[in-house]
Amino acid sequence: MHAEPAGTGVTRAARLLLAAGVLAFGLAALGLGQSNNWDLRNYHWYAGWAWLEGRGHLDLAAAQAQSWFNPVLPALLYLLLSSLKPAIGTFVLGVVQGLNLLPLHRIARRLLPGHAGLALLAAFVGATGATQRGELGATFGDTLVSLPLLTALALLVTGEPTRRRSAAAGALLGVAVGLKLTAAPIAAGIALAACALFLRRGGAMRHGLALTGAAALLFLAVDGHWMWQLWRDFGNPLFPQFGTLFGGEFAPPMEFRDTRWLPRSATEWLFYPLVWADEPRRVSELWFLDLRVPLLFLAALALPLWLRPARARLAKPDALDTTLAACALAYLLWLALFGYYRYLVVLEMLAPVLLAAALLSVPRRSGIVVACSVLVIVGLATRAPRWGRLDAYADSFVTVQLPPLANRSGALVVFGDREPLAFLAPSFPAGTRFVRILGNVVGPPLPEWALDRAVRERIAAHRGPLLLLAARLDDAALGEALQRHGVAVDRATCEGIAGNLLTGDLVRPQLCTLTNARNRAR
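To convert, count from 1 in the sequence shown and add 7; that's my numbering.
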C-alpha cells in the first residue's frame, strides 16, 4: 500500500476502481439471482402496489402487521422491479446498493490521510459485509437507506461546517428515517455526534438548527402523510406499534414490538458483539459470520491505547471523534431498541475504516501491514445470510397462475394463515378486495380486539363472493378464526395457486369458496 500526501484528491486509478466496484455490485447481484424472501412475499411487493393503486381502505391487514409500514420505499422498488426485466432490475438495484462504496471511501480518506491504498481497501471491505452481501439485489432496504446515512456522515466529517452542508446532511438523515424507521438509531447517533462537533467548532445553534430542521422537514415530507393517515384511521401514527402509548379503540391488547433480539443478561448488554460473533442467531433469523462490528467493539475497549496517536495523525481530528461518537451513540440506541443485526449495517460498513485507523497506531510500517492483513482476513472470512434466491429469472419479477375461481367479480379474498401471501394480491382481477382473519396481527392465538371486529364487519357487509386464500386448511387456528367470523370453507371448491416465488418446500396456497356457517347450519 502506497501512501498519498494528505489532502490530495482521488487519483484517476482510484476513481476507475470505485466505478468498477459499483458496477461489480450490480453484476454480483445479477449472479446471485432474483431475491425471494418472507418480507418480499408478505409486504414489499404488496405494499408498493397497493399504495400506487390508491387502494386506501379497500383492503385490511392484507400484509399482516407490516401492512402499516410506510409504503414509499416499497413503492419505489415496485416501480423499478415491475417496469424492468427481473435480471435488469436486480442489476440496477445492486448498482444502487454498491453506491455505498462512494461515501465510505470519502470518509476513509478523511480518517486515513496519506494512505490512499488502505482507504480504498477499507471502503471495499466495509461495503462487502454480510448484510450487504445477503441483501444484494434484494428488497429489504437496509443497504438502500444506508446510502443517505453514510452520505450525511461524509458531509459532516469531510468539510468545514456550513449551514448549507449541515442542512444537506440533516435532509439526508430525515429521508433515511422517513423511508425506514429502523434507521432512526443510526440517524440519531450521527445527528447527536454532529451537534457535539458544532459545539466544538462554534456556531452550534446555527448549524444545529439547520441540521435538525432539515431532518424534521424531510422526514415529514417522506413519512408525514402516512403517519397522518394512520392517526386518522387508528389514532396512532405508528400503528400497530406503541399502542399503549397512544391508547384509543385500536390500542392492541398485546405489544407488537419484536423483542426476540434484545440482550437477555447483563453480560450480553455489556458484550453483545462478542456474543453474536459466537452465536449469530442471537441477532438474526439466519446464520452469518461477520467480524467487523465485534472487532470494532474490541477496538473501542482499547480506545485509550490508540485514540491519541490516531488523532495525532490528523490535521483535524474532529472527523475521527465525530465518527466514533456517531457509531457509539448509534450502537447504544440500536441495542436498546432493536438488537437486530440487519439494522446495524451502517456500523458494519464503517467498522473497517475505524479498525484501520486503530491499527495504524502500531509503529508505522508494521501498522500498515497489520491493518491491511486484518481487513483482508475479515473480508475473506465473511459469510452472508441466505435470505432466499430463485434458481432462474422469469419474464416478470412476480408471476402468478390463479385458478378460475379467482375471476369471480367483486370477490372479497380472506387471507387465512400466517404465510406471507399478500404478493398474490396484484394478480387478482381489478375490484377484488382483501382482508385477513389470521396472521401476526389478528386471529388466534391473539386475543380478539378492535382489528378483528373491523375485519368481521367487512366480511359481514360484503355482498359478493367470499373466497379463502390459505396454505394450511387443516390448521386449528384457521378453524377457530373461521368460527369467530361465522364462515366455513367449502373444500370441494378449493383450487391450487402457482407462482415463481412459491418454490422449494414452501406450502402451496389454495383458493376456496367461503360460505356463511350460520346459514349452512340451519
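Even for Gly, the Cβ is constructed at its ideal location relative to N, Cα and C.
- Query: First and last residue of the beta strand (DSSP E) that includes Leu473?
  - Reply: Leu473 to Ala477
- Among Ala174, Val360, Phe205 and Arg48, which residue has its Cα nearest to the Cα of Gly220? Ala174
- Item | Cβ-Cβ separation, Gly181 to Ala123 (assumed contact under 8 Å), whole Å | With a Cβ gap of about 33 Å, Ala123 and Gly181 do not count as contacting.
- Since Val290 is in the beta strand (DSSP E), which residue starts that stretch and which ends it? No beta strand (DSSP E) contains Val290, which DSSP labels as neither H nor E.
- Query: Near Ala10, which residues of its chain fall below 6 Å by C-beta distance, leaving aside the five closest residues on each side in sequence?
  - Reply: No answer about Ala10 holds up, because its pLDDT of 42 lies below 50 and its placement is not dependable.
- Beta-carbon gap between His214 and Thr251 smaller than 9 Å: Annotated as distal: His214 and Thr251, with beta-carbon spacing of 9 Å or more.
- Message: My parser needs the beta strand (DSSP E) runs of 3 or more residues fully inside the region 160 to 248; what are they?
- Response: none
- Euclidean distance between Cα positions of Thr18 and Arg116: 12 Å
- Query: CB-CB under 8 Å to Gln73, same chain, minus the five flanking residues each way: which ones, in chain order?
  - Reply: Asp46, Asn49, Tyr50 and Ala54
- Item | Secondary structure of Thr158, DSSP reduced to three states | helix
- Relative to the alpha-carbon of Trp56, which residue among Leu339, Leu281, Pro81 and Gly196 has its alpha-carbon at the smallest distance? Pro81
- Query: From this set, Pro411, Pro316, Ala134 and Pro472, which residue's C-alpha is nearest Thr150's C-alpha?
  - Reply: Ala134
- Going along the chain, which unbroken runs of the alpha helix (DSSP H) with 4 or more residues stay wholly within the region 102 to 151? 108 to 118, 123 to 133 and 137 to 142
- Bridge partners - Thr520, DSSP secondary structure assignment: Leu474 and Asp497
- Message: I believe Gln71 touches Val448 by the beta-carbon criterion, under 8 Å. Please report the beta-carbon distance rounded to the nearest angstrom.
- Response: 5 Å
- Message: Assuming contact is defined by CB atoms lying nearer than 9 Å, are Ala337 and Pro192 in contact in what I supplied?
- Response: Closer than 9 Å, so yes.
- Message: Given a cut-off of 9 Å on the beta-carbon distance, is the pair Leu362 and Ala306 in contact?
- Response: Their beta carbons are under 9 Å apart, which means Leu362 touches Ala306 by this criterion.
- Message: Please report the distance separating the alpha-carbon of Ala129 from that of Thr389.
- Response: 14 Å
- Query: Between which two residues does the beta strand (DSSP E) containing Phe441 stretch?
  - Reply: First-last of the beta strand (DSSP E) with Phe441: Arg440 to Arg443.
- In chain order, what residues of the same chain lie with their CB nearer than 6 Å to the CB of Pro280, ignoring the 5 residues before and after it? Val300, Pro301 and Phe304
- Query: Per DSSP, which one or two residues make a beta bridge with Phe422?
  - Reply: Arg443 and Leu476
- Item | Sequence-distant residues of the same chain with beta carbon closer than 8 Å to Arg396, five excluded per side | Leu39, Gly40, Gln41, Ser42 and Asn43
- Boundaries (first-last residue) of the alpha helix (DSSP H) holding Gly486: Ala483 to Arg491
- Would you mind stating whether Val407 and Leu473 have Cβ atoms separated by less than 9 Å? no
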